[in-house]
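Anchor point for the sequence shown: position 11 equals 11 in our numbering, and the numbering is continuous, going up by one each time.
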Amino acid sequence: MKNYKKVLIIGGGQLGMMMSEFAPKYSLNISIIDPNKDCSASKYANVVVAAEFTDKVVIEEQSRKNEVITYEFENINEEVLANFSKKLPQGIIANAISKNRIKEKTFIKQLGYKTAAFCVPKSIDEVEEFIVEKAILKTTEGGYDGKGQYLIQKNDLSEIEKLDFSKNSYILEEFIDFDYEISVVATRDKFNNTFAFPVTRNKHKDQILFSSEMEYKYQKFFNEGEIIAKNIMEEFNYVGTFCIEFFVIGEELIINEMAPRPHNSGHLTQEGCDISQFEQHIKAIIGLKIERPKMLQETYMVNLIGENYKYLGYFDNEDIISHDYYKTFIKKGRKMAHINIKKKSEYEKIVSIIEGGRNE
1 MKNYKKVLII GGGQLGMMMS EFAPKYSLNI SIIDPNKDCS ASKYANVVVA
51 AEFTDKVVIE EQSRKNEVIT YEFENINEEV LANFSKKLPQ GIIANAISKN
101 RIKEKTFIKQ LGYKTAAFCV PKSIDEVEEF IVEKAILKTT EGGYDGKGQY
151 LIQKNDLSEI EKLDFSKNSY ILEEFIDFDY EISVVATRDK FNNTFAFPVT
201 RNKHKDQILF SSEMEYKYQK FFNEGEIIAK NIMEEFNYVG TFCIEFFVIG
251 EELIINEMAP RPHNSGHLTQ EGCDISQFEQ HIKAIIGLKI ERPKMLQETY
301 MVNLIGENYK YLGYFDNEDI ISHDYYKTFI KKGRKMAHIN IKKKSEYEKI
351 VSIIEGGRNE
């Protein structure tokens with residue numbers, strides 16, 4: 001069986017960078033398409049082509065030059081990549097469905113899995129009619145880290161009064177009062193092997209992922225989560241790393257959303273498992289057989305956004321490892337780096353310091 005060596009990654013942010021890290025280990029030639037020639041992935045890539053993600057000419061040219069294509073975000077040009085679908089292990093369908101919240105929720109329900117009740121409102125009156133107490137209005141496509149989302153109350157629609165429902169598409173979801181949120185990150189190879197990483201619990205601040213916790217107590221959801229991931233990935237004929245986020249209510253799992261790529265909540269696999277989500281993704285897309293990841297110890301991850309970037313390297317020791325994204329400018333609310341932590345006591349201390357905005 002041939003293993004691919006020339007890989008094109010669309011997107012040169014931190015996910016593209018952490019995929020590119022494994023180029024030497026697998027003797028890969030990595031090409032990146034990104035508007036910023038000094039993007040994060042330029043640290044490891046062989047070639048960086050500075051171009052917009054909408055540039056059909058560049059995408060077609062680079063797709064022809066490379067043997068396999070992957071991406072680090074959902075908003076890719078599907079029309080162009082459809083011509084190179086045989087080079088795209090993740091496929092077109094998973095991306096098209098995952099980036100459209102209406103299609104995503106409909107797909108999940110058709111497979112028989114639980115998700116939030118939803119509707120597609122065409123007016124503010126339809127929004128009011130749907131809401132029992134609270135609901136979340138989201139743009140159908142685009143938006144991340146809480147952007148393009150509105151938490152609204154039955155008796156207060158003032159925040160969305162100026163939205164144009166005739167020109168823009170929205171999805172309205174019931175508000176679920178969940179206990180906590182978990183992620184199941186899994187990888188599938190072309191030999192139909194699907195293996196999940198240990199389940200992680202996610203905690204958000206200001207609608208941005210703040211931390212993830214890979215603890216033994218959350219592994220009670222592992223078997224169910226892996227089966228769901230396996231079924232969804234097989235339905236897509238998807239090869240690569242994939243993430244499903246769930247709401248947990250008691251012992252019940254409700255699917256919130258999916259991401260057809262490595263995910264922020266899986267970063268702690270770098271220190272928490274014998275193989276990371278990024279290496280597993282690379283192995284799968286270049287045609288290698290994957291093996292089941294092994295959990296090394298309970299592990300924790302804290303994101304460093306712009307205002308907390310000062311803590312990069314501040315806590316580092318043999319149990320605390322920082323991962324910089326080498327971004328060209330610091331911006332408030334922007335993910336700049338993350339810290340993986342092997343001991344809960346250290347994790348709790350770091351969270352306390354960052355939340356307090358202080359140095360020790």
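For glycine and all other residues, C-beta sits at the position ideal for the given N, C-alpha and C.
Since this is a predicted model, take the numbers as computed values, not measurements.
Item, Value
"Ordered along the chain, which non-local residues of its own chain (more than five positions away) have a Cβ less than 7 Å from that of E304?", "As written in the sequence, residue 304 is Leu, which differs from the Glu given in the question. Only Y311, L312, M336, A337, H338 and I339 meet the Cβ criterion."
"With the cut-off set at 9 Å, would you say I232 and M258 are in Cβ contact?", "yes"
"If you draw a straight line from the alpha carbon of S98 to that of N77, how long is it in whole angstroms?", "14 Å"
"Mind pulling the beta strand (DSSP E) runs of 3 or more residues that sit fully within the stretch 163-228?", "170-174, 180-188, 194-196, 200-205 and 208-214"
"Can you grab the Cα-Cα spacing for the pair S20 / K103, in whole Å?", "31 Å"
"Compute the distance between the beta-carbons of F165 and K134, then report whether it is under 9 Å.", "no"
"Let me check understanding here. Comparing Cα to Cα, which of F53, K2 and F246 lies closest to D179?", "F246"
"Going by the beta-carbon positions, is the gap between K56 and M17 smaller than 9 Å?", "no"
"Per DSSP, T299 is paired with what?", "M214"
"What do you get for Y238, buried or exposed, if any count of 16 or more other CB atoms within 10 angstroms of its CB means buried?", "buried"
"Just reading off the alpha helix (DSSP H) that T435 is part of, what are its end residues?", "The displayed coordinates of the chain run from 1 to 360. Any statement about residue 435 would go beyond what the structure contains."
"Could you give the distance in angstroms between the alpha-carbon of K65 and the alpha-carbon of I286?", "15 Å"
"For the stretch 177-194 against the stretch 258-273, do three or more pairs of beta-carbon atoms, one drawn from each stretch, fall closer than 8 Å, so that the two count as touching?", "yes"
"Nearest by alpha-carbon distance to N75: which of I10, I330 and E346 is it?", "I10"
"In angstroms, rounded to a whole number, what distance separates the CA positions of E252 and C243?", "18 Å"
"Determine whether the beta carbon atoms of A41 and V49 lie at a separation below 9 Å.", "no"
"Between the stretch 154-174 and the stretch 120-139, are three or more C-beta pairs nearer than 8 Å?", "yes"
"I need the DSSP call for E360, collapsed to helix, strand or coil.", "For E360, the pLDDT reaches just 49, beneath the cut-off of 50, and the residue's location in the model is therefore unreliable, although a value from the coordinates is still provided. In this structure, E360 counts as coil in the three-state DSSP scheme."
"Where does E257 fall in DSSP's three states?", "strand"
"Considering only residues of the same chain and omitting the five flanking positions on each side of V380, which have a CB-CB separation below 7 Å?", "Outside the displayed span of the chain (1 to 360) sits residue 380, for which this structure offers no information."
"Going by DSSP in three states, I93 sits in which element: helix, strand or coil?", "helix"
"Rounded to whole angstroms, what's the CA-CA distance from G250 to V199? Just pull it up for me.", "16 Å"
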